[in-house]
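Read the structure below first, then the notes.
Residue numbers (the numbering used here): 135 to 357.
What follows is the structure, given as structure tokens:
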């Protein structure tokens with residue numbers, strides 16, 4: 135399975151068609167060092183999807199990709215079920231000079247019974263797709279924002295529920311975490327809460343509406 139600088143304007147709550155962020159490469163920095171979403175190349179996160187036999191491996195690569203003139207960190211996300219790869223995704227993130235972490239696009243491949251699908255892939259600035267925010271530089275309770283916008287394909291939104299949440303996962307116990315509610319108009323029957331903790335990043339993703347699964351961080355390998 136996100137910011138605004140002086141010239142980076144994010145409009146929310148506008149029914150999608152009114153969402154039109156301006157991306158100025160001059161207001162972006164090299165790398166991503168957000169306290170709640172740090173992306174250090176070489177770091178590997180392992181997650182266990184409870185209630186299923188799925189695992190997820192997230193690797194911060196040393197690769198970069200230029201999207202809308204902005205150099206993005208490439209993160210590879212591999213989901214496995216029963217040891218077999220079911221989804222292989224390359225996500226692209228960039229941070230502006232106000233500390234906001236933008237989600238600039240993804241290249242995803244799903245595997246099912248010998249068939250492959252690229253559904254859900256999108257790139258900011260291509261075919262009307264627009265980047266969104268994963269983590270604000272200074273999150274506040276009540277903040278609401280698009281995480282990605284590709285009309286009819288990817289319209290995820292986020293809302294900050296807490297900036298001082300506590301959570302315990304197999305990897306450890308954390309306080310001072312940002313808790314978000316993730317949702318989309320494309321599937322209003324499903325909602326998810328995520329917990330982003332200082333110095334680590336996402337430690338839990340839990341379906342709160344439309345299901346019972348949750349994904350917990352079990353290990354981190356540092357470079």
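Positions of the beta carbon are idealized from the N, C-alpha and C atoms, including for glycine.
As the structure is a computational prediction, the values presented were derived from the model and not from experiment.
Separation of residue j from residue i, as counted between CA atoms
i, j, result
"residue 170", "residue 264", "23 Å"
"residue 346", "residue 168", "29 Å"
"residue 247", "residue 215", "12 Å"
"residue 318", "residue 281", "10 Å"
"residue 354", "residue 195", "14 Å"
"residue 250", "residue 284", "21 Å"
"residue 244", "residue 252", "7 Å"
"residue 212", "residue 356", "18 Å"
"residue 298", "residue 160", "32 Å"
"residue 204", "residue 219", "30 Å"
"residue 201", "residue 332", "27 Å"
"residue 340", "residue 163", "31 Å"
"residue 139", "residue 166", "Reliability of the predicted coordinates at residue 139 is poor, the pLDDT of 29 falling under 50, and no value is obtained from them."
"residue 210", "residue 155", "25 Å"
"residue 197", "residue 223", "14 Å"
"residue 326", "residue 180", "19 Å"
"residue 288", "residue 306", "32 Å"
"residue 313", "residue 175", "24 Å"
"residue 185", "residue 269", "28 Å"
"residue 271", "residue 172", "12 Å"
"residue 233", "residue 295", "19 Å"
"residue 193", "residue 177", "6 Å"
For residue i, three-class secondary structure by DSSP
i, result
"residue 304", "coil"
"residue 159", "helix"
"residue 148", "At residue 148 the pLDDT is 41, less than 50, meaning the model places this residue with poor confidence; the figure from the coordinates comes in the next sentence. It is coil, neither helix nor strand."
"residue 207", "strand"
"residue 277", "coil"
"residue 253", "coil"
"residue 284", "strand"
"residue 294", "strand"
"residue 354", "strand"
"residue 241", "strand"
"residue 346", "coil"
"residue 230", "strand"
"residue 299", "strand"
"residue 246", "strand"
Status (buried if at least 16 other CB within 10 Å, exposed otherwise) for residue i
i, result
"residue 225", "buried"
"residue 153", "buried"
"residue 275", "exposed"
"residue 349", "buried"
"residue 255", "buried"
"residue 217", "exposed"
"residue 321", "exposed"
"residue 304", "exposed"
"residue 187", "exposed"
"residue 199", "buried"
"residue 230", "buried"
"residue 240", "buried"
"residue 343", "exposed"
"residue 309", "exposed"
DSSP bridge partner residues for residue i (one or two, in chain order)
i, result
"residue 269", "235"
"residue 330", "312 and 336"
"residue 319", "DSSP, once it has assigned bridges, lists no residue as partnering residue 319."
"residue 325", "317 and 343"
- Item | Inside the region 159 to 228 only - beta strand (DSSP E) runs reaching at least 3 residues | 166 to 168, 171 to 173, 178 to 184, 188 to 201 and 204 to 215
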